[in-house]
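**Q** Starting off with a structure, shown below.
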Amino acid sequence: MKQENILEVKNLKVKFPVAGGILLRKVAEVKAVDGVSLELRRGETLGLVGESGCGKSTIGKAVINILKFSSPDVDISGEVWLKTEEGEVNLLSLSRNEMRKYRGQIQMIFQDPYSSLNSRMTVGQIIEEPLLYHTKMNKDERNERVAWLLEKVGLQAEQSKRYPHEFSGGQRQRIGIARALSTNPKIIIADEPVSALDVSIQAQVINLMQELQKEFDLSIVFIAHDLSVVEHISSRIAVMYLGNIAESGPGSDIYHKPIHPYSKALLSAVPLPNPKLKNKERIILTGDVPTPMNKPSGCGFRTRCPIAKPECADSVPVLELKLPDHYAACPYVSGN
Amino acid sequence: MSDKSKEEKVSTTLFQKRWKKFKSLKRGYYSFIIVVIFYIFSFLLPFFVGRDALIVKYEGEYYFPVFKFYLAETFRQKEVQGEANYRMLKEQFKQQDNDNWVLMPVYPYGPNENLLDELTEIPPTHPNNVHFFGTDDRGRDVLARLLYGFNIGISFSLIVTILSYTIGVSIGSMLGFFGGKVDIFGQRLIEIWSTLPFLYVMIILSSILNPNFLLLTFVLTLFGWMGMTYYVRGEFYREKARDYVSAAVSMGAGNSKIIFKHILPNALTPVITFLPFAIVANIFSLVALDYLGFGLPPPTPSWGQLMSQGMQNIEKWWLIGTPLIAMFLTLLSITFIGEAIREAFDPKVYSRLR
Chain L
2 MKQENILEVK NLKVKFPVAG GILLRKVAEV KAVDGVSLEL RRGETLGLVG ESGCGKSTIG
62 KAVINILKFS SPDVDISGEV WLKTEEGEVN LLSLSRNEMR KYRGQIQMIF QDPYSSLNSR
122 MTVGQIIEEP LLYHTKMNKD ERNERVAWLL EKVGLQAEQS KRYPHEFSGG QRQRIGIARA
182 LSTNPKIIIA DEPVSALDVS IQAQVINLMQ ELQKEFDLSI VFIAHDLSVV EHISSRIAVM
242 YLGNIAESGP GSDIYHKPIH PYSKALLSAV PLPNPKLKNK ERIILTGDVP TPMNKPSGCG
302 FRTRCPIAKP ECADSVPVLE LKLPDHYAAC PYVSGN
Chain B
19 MSDKSKEEKV STTLFQKRWK KFKSLKRGYY SFIIVVIFYI FSFLLPFFVG RDALIVKYEG
79 EYYFPVFKFY LAETFRQKEV QGEANYRMLK EQFKQQDNDN WVLMPVYPYG PNENLLDELT
139 EIPPTHPNNV HFFGTDDRGR DVLARLLYGF NIGISFSLIV TILSYTIGVS IGSMLGFFGG
199 KVDIFGQRLI EIWSTLPFLY VMIILSSILN PNFLLLTFVL TLFGWMGMTY YVRGEFYREK
259 ARDYVSAAVS MGAGNSKIIF KHILPNALTP VITFLPFAIV ANIFSLVALD YLGFGLPPPT
319 PSWGQLMSQG MQNIEKWWLI GTPLIAMFLT LLSITFIGEA IREAFDPKVY SRLR
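As they're listed, the protein sequences go chains L and B.
Take any residue in the first sequence, note its place counting from 1, add 1, and you have its number in my numbering.
Take any residue in the second sequence, note its place counting from 1, add 18, and you have its number in my numbering.
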């Protein structure tokens with residue numbers, strides 16, 4: 002059953018200028034995201050995978066419109082449509098002030114649980130901050146909500162008076178989750194929320210996110226580079242390579258029978274827990290990822306692709322429907 | 019178990035941790051206590067060191083000259099013009115041997131009081147039992163001048179430091195937060211401003227205007243705020259790129275909330291670390307200006323002015339020796355404080371906690 006889209010990203014392009022020379026003129030640009038279209042359906046988890054530097058985190062930050070704050074020179078184009086009760090709104094067309102109205106509905110969980118919490122504020126102050134901006138709750142109501150949220154994420158209400166440095170990494174990430182949930186958002190962008198945690202803690206945090214997703218009816222964009230984590234949590238997966246989407250489709254489909262040559266190579270690298278299962282063939286790619294400052298013409302993957310043809314240099318491949326609800330950006334492969 | 023959970027509930031802020039660490043650095047901590055006690059004491063100096071009596075009982079009535087000015091006629095003191103001389107009054111009352119009495123401060127000499135009538139030698143006179151540090155070339159008591167000079171020196175440098183840091187922090191955070199063109203042009207303006215030679219401007223200004231406390235604080239502030247902008251600007255650049263600021267933006271915090279609630283508390287480390295050293299530097303510049311004669315107007319008690327007298331009467335060692343030792347001890351203990359603060363704020367110890 003196909004749910005309606007709650008968030009649609011259309012042809013998103015993010016370019017960072019590279020300044021050089023004495024006058025700091027723009028000498029080159031990094032195409033971190035190069036024409037990405039995504040859709041997030043209500044109640045689902047969209048996993049966004051790819052190796053470091055492929056632009057997955059940039060997409061998350063562009064969607065939530067905080068890229069311009071930390072790097073004002075960035076060049077963003079495309080559209081991000083958020084479905085709200087009053088209709089659809091293109092977040093990228095809004096100024097920072099206009100955007101504030103919608104921030105309660107779309108929140109972010111950050112990768113580093115150490116730097117994403119202000120060490121001068123108590124946990125209670127951290128969690129209640131979004132409530133100050135988006136609700137008209139008074140002090141008692143806010144305290145009650147903070148206590149309730151802390152218990153929801155598996156901490157104790159009394160811990161709201163403590164400071165972040167008194168918590169472990171996993172606990173801090175729980176605080177980050179509580180903060181993101183405080184305004185009852187519809188969408189959560191989770192930017193590698195578990196990659197900074199121990200494996201045993203990763204499982205706890207991911208299970209917590211799944212429970213909360215059901216309870217709060219969340220739609221999650223889950224950004225990660227760990228494929229087994231993504232497969233566990235995602236209903237759909239999009240595989241990225243060098244600022245483009247190589248393949249997207251239902252989670253188990255992509256995990257078990259990938260179509261695109263890059264996804265195949267990526268998935269063959271996932272370690273198997275059972276040493277007796279050695280039937281999987283390991284595909285080893287040659288060369289390195291090209292720098293996004295100087296991308297190859299046509300298909301970005303052609304320099305390392307085992308099935309590359311001379312025509313691959315001519316045009317950028319578009320996502321084609323290969324199987325039901327399963328797209329791949331390569332004209333030379335098929336779903337069967 | 020209950021004991022342990024109670025202990026855990028006592029939560030410490032980063033500041034409390036640093037304060038604890040500061041307290042454990044004995045040299046700096048004791049210097050801090052001594053300087054603070056001395057400074058507070060220096061505000062109560064009129065009760066301990068001064069020419070005005072604390073209490074006078076005269077013909078059944080009580081007078082409080084420390085708080086109020088009384089003419090000599092009030093006590094029928096015929097030899098004295100203007101304000102009553104309470105030391106003479108005390109002697110008179112003693113001789114008369116009646117109900118009248120005078121309670122003087124412990125050290126009954128004021129900083130600006132001319133003692134030519136009482137001195138038996140030509141000033142500057144040697145230290146003796148009455149004037150512990152001797153008198154200067156106008157017959158004023160050196161110890162009283164040193165003590166009052168301490169208060170003025172520290173107050174002056176505290177005011178200048180706080181003012182120039184306020185300006186420096188505000189401008190620095192503006193440059194660091196807004197970045198881009200604001201930053202580039204702002205920094206160039208600061209660089210141009212820093213090239214103005216402070217001493218020459220001060221000499222020119224004090225030859226046109228009469229230097230006073232206000233003018234001096236104004237000029238020193240005007241030339242003292244630039245250094246802090248560099249550090250605060252750098253801190254803001256660094257903190258701005260960290261995730262908790264991005265998180266604040268994604269929550270919908272406005273610029274003022276981000277600056278004051280999130281970044282500024284995390285950007286104050288260099289400000290606090292440099293504060294004691296800036297106070298030292300400002301005490302020193304006041305002494306230097308006073309020494310050169312461009313400082314506070316006479317007869318304000320000041321260390322620099324004593325030193326310049328000492329230079330003119332080089333054989334009178336107490337004129338140059340006492341202010342030098344006083345300055346040395348003051349600057350040394352404030353430097354100890356600064357050293358301890360710097361160590362308490364050293365991020366290496368707490369890098370795991372950040």
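Even glycine gets a Cβ: it sits at the ideal position worked out from N, Cα and C.
Predicted, not measured: the structure shown is a model, and the values here were computed from it.
Let me know if T184 of chain L comes out buried or exposed under the rule of 16 or more other beta-carbons within 10 Å of its beta-carbon.
**A** Sequence index remark: in the first sequence, residue 184 of chain L carries index 183 (1-based). By the 10 Å Cβ count, T184 of chain L comes out buried.
**Q** For the structure I just gave you, are there three or more beta carbon pairs, one from the stretch 115 to 133 of chain L and one from the stretch 269 to 279 of chain B, closer than 8 Å?
**A** yes
**Q** Please classify R206 of chain B as buried or exposed, where buried requires at least 16 neighbouring CB atoms within 10 angstroms.
**A** Here the question's residue 206 of chain B lines up with position 188 in the second sequence. Looking at its Cβ environment, which holds fewer than 16 other Cβ atoms inside 10 Å, R206 of chain B is exposed.
**Q** Would you say the beta carbon of A90 of chain B is closer than 7 Å to some non-hydrogen atom of the ligand HEM?
**A** As for the ligand HEM, it is missing from this structure, which has no ligand bound.
**Q** What is the C-beta distance between P186 of chain L and V124 of chain L, in whole angstroms, given that I count them as a contact (C-beta under 8 Å)?
**A** Translated into positions along the first sequence, residue 186 of chain L becomes position 185. Translated into positions along the first sequence, residue 124 of chain L becomes position 123. Rounded, the Cβ-Cβ distance is 19 Å, inconsistent with contact.
**Q** Please name the residue, chosen from L:A247, L:L268, L:G21, that lies closest to L228 of chain L on a Cα-to-Cα basis.
**A** Taking the first sequence and counting its residues from 1, one reaches residue 228 of chain L at position 227. Ranking L:A247, L:L268, L:G21 by Cα distance to L228 of chain L puts L:L268 first.
**Q** Under the three-state reduction of DSSP, which class applies to E5 of chain L: helix, strand or coil?
**A** As a working note, residue 5 of chain L is residue 4 in the first sequence. DSSP places E5 of chain L in coil when its eight states are reduced to three.
**Q** Using the Cα positions of I222 of chain B and V98 of chain B, report the straight-line distance between them to the nearest angstrom.
**A** Walking along the second sequence from the start, residue 222 of chain B turns up at place 204. Walking along the second sequence from the start, residue 98 of chain B turns up at place 80. So the alpha carbons of these two residues sit roughly 41 Å apart.
**Q** Taking the alpha-carbon of L273 of chain L as reference, which of L:H257, L:H261, L:Y263, L:P18 has the nearest alpha-carbon?
**A** As a working mapping, residue 273 of chain L is identified with position 272 in the first sequence. Answer by Cα proximity: L:H257.
**Q** Can you confirm whether the stretch 287 to 299 of chain B touches the stretch 152 to 166 of chain B when touching is taken to mean that 3 or more C-beta pairs between the two stretches lie within less than 8 Å?
**A** Fewer than three pairs of CB atoms, one per stretch, sit closer than 8 Å, so the stretch 152 to 166 of chain B makes no contact with the stretch 287 to 299 of chain B.
**Q** Alpha carbon to alpha carbon, how far is K258 of chain B from I189 of chain B?
**A** Here residue 258 of chain B refers to the residue found at position 240 when the second sequence is read from its first residue. Here residue 189 of chain B refers to the residue found at position 171 when the second sequence is read from its first residue. Spanning the two alpha carbons is a distance of roughly 16 Å.
**Q** Spell out a yes or no on whether the stretch 205 to 222 of chain L and the stretch 31 to 46 of chain L are touching, meaning 3 or more CB-CB pairs, one atom from each, closer than 8 Å.
**A** yes
**Q** Suppose you measure from the CA of P83 of chain B to the CA of I297 of chain B; what does that come to, to the nearest Å?
**A** Counted from its first residue, the second sequence places residue 83 of chain B at position 65. Counted from its first residue, the second sequence places residue 297 of chain B at position 279. If you take the alpha carbons of P83 of chain B and I297 of chain B, they lie about 34 Å apart.
**Q** Which residues does DSSP pair with F65 of chain B in a beta bridge?
**A** Stepping through the second sequence from its first residue, residue 65 of chain B is reached at position 47. For F65 of chain B, which the question treats as bridged, DSSP gives no partner whatsoever.
**Q** Work out the CA separation of Q106 of chain L and V206 of chain L for me, nearest whole Å.
**A** Here the question's residue 206 of chain L lines up with position 205 in the first sequence. Here the question's residue 106 of chain L lines up with position 105 in the first sequence. About 22 Å.
**Q** Which runs of the beta strand (DSSP E) fall wholly inside the stretch 217 to 250 of chain L and span at least 3 residues, in chain order?
**A** 220 to 225, 237 to 242
**Q** Can you tell me which of L:E9, L:L68, L:I23 puts its alpha carbon nearest to the alpha carbon of F17 of chain L?
**A** Within the first sequence, numbered from 1, the residue matching residue 17 of chain L stands at position 16. Ranking the options by Cα distance to F17 of chain L, first place goes to L:L68.
**Q** Per DSSP, which one or two residues make a beta bridge with F302 of chain L?
**A** As a first step, residue 302 of chain L must be located in the first sequence, where it is residue number 301. DSSP lists no partner for F302 of chain L.
**Q** Give a yes or no on whether the minimum CB-CB distance between R260 of chain B and chain L is below 8 Å.
**A** By 1-based counting over the second sequence, the position of residue 260 of chain B is 242. Yes, R260 of chain B counts as interfacial toward chain L.
**Q** If you check the beta carbons only, do S58 of chain L and E193 of chain L fall under 8 Å apart?
**A** To locate residue 58 of chain L, count along the first sequence from 1; it is residue 57. To locate residue 193 of chain L, count along the first sequence from 1; it is residue 192. When the beta-carbon positions are compared, S58 of chain L and E193 of chain L come within less than 8 Å of each other.
**Q** Less than 8 Å between CB atoms is the rule here; does K24 of chain B satisfy it with respect to chain L?
**A** Within the second sequence, the letter at position 6 stands for residue 24 of chain B. Residue placement at K24 of chain B is poorly supported in this model, since its pLDDT is 42, which falls under 50; the coordinates still yield a value, given next. Judged by the 8 Å Cβ criterion, K24 of chain B is not in contact with chain L.
**Q** Using a Cβ-Cβ cut-off of 7 Å (strictly less than) and excluding sequence neighbours within five positions of Y47 of chain B, which residues of its own chain qualify?
**A** Taking the first residue of the second sequence as position 1, residue 47 of chain B is located at position 29. Cβ neighbours of Y47 of chain B beyond the five flanking positions: F40, K41, A358.
**Q** Run through DSSP, which three-state label would R163 of chain L get?
**A** In the first sequence, counting from the first residue as 1, residue 163 of chain L sits at position 162. Coil.
**Q** So which residues of chain L does M269 of chain B contact, with C-beta pairs closer than 7 Å?
**A** Sequence index remark: in the second sequence, residue 269 of chain B carries index 251 (1-based). Within 7 Å Cβ-Cβ: R104, E130, P131, Y134.
**Q** Give me whichever residues DSSP pairs with Y80 of chain B in a beta bridge.
**A** Along the second sequence, one-based indexing puts residue 80 of chain B at 62. BP columns for Y80 of chain B point to B:K75.
**Q** Please tell me whether R69 of chain B and G128 of chain B are closer than 8 Å, where the distance is taken between their beta carbons.
**A** Position 51 of the second sequence, counted from the start, is the residue given in the question as residue 69 of chain B. Position 110 of the second sequence, counted from the start, is the residue given in the question as residue 128 of chain B. Result yes, Cβ atoms of R69 of chain B and G128 of chain B sit closer than 8 Å.
**Q** Report, in whole angstroms, the separation of the C-beta atoms of A181 of chain L and I110 of chain L, which I expect to be a contact under 8 Å.
**A** Counted from its first residue, the first sequence places residue 181 of chain L at position 180. Counted from its first residue, the first sequence places residue 110 of chain L at position 109. Contact holds; Cβ gap of about 5 Å.
**Q** Looking at the unbroken beta strand (DSSP E) that takes in T46 of chain L, where does it start and where does it end?
**A** Taking the first sequence and counting its residues from 1, the one referred to as residue 46 of chain L is at position 45. First-last of the beta strand (DSSP E) with T46 of chain L: 46 to 50.
**Q** Would you identify the three-state DSSP class for I189 of chain L, choosing helix, strand or coil?
**A** Walking along the first sequence from the start, residue 189 of chain L turns up at place 188. Looking at I189 of chain L - three-state DSSP - the assignment turns out to be strand.
**Q** Use the C-beta contact count for L25 of chain L: other C-beta atoms within 10 angstroms, 16 or more gives buried, fewer gives exposed.
**A** On the first sequence, position 24 is the one that residue 25 of chain L refers to. The residue is exposed, with fewer than 16 neighbouring Cβ atoms inside 10 Å.
**Q** Check whether the stretch 169 to 178 of chain L touches the stretch 145 to 160 of chain L, counting contact only when three or more Cβ pairs, one atom from each stretch, lie closer than 8 Å.
**A** yes
**Q** Helix, strand or coil for F17 of chain L, going by three-state DSSP, please let me know.
**A** Within the first sequence, residue 17 of chain L is the residue found at index 16, counting from 1. F17 of chain L: strand per DSSP, three-state reduction.
**Q** For R146 of chain L, return the contacting residues in chain B, with the cut-off set at a CB-CB distance below 9 Å.
**A** Position 145 of the first sequence, counted from the start, is the residue given in the question as residue 146 of chain L. Neighbours of R146 of chain L on chain B: none; closest Cβ ~15 Å, over 9 Å.
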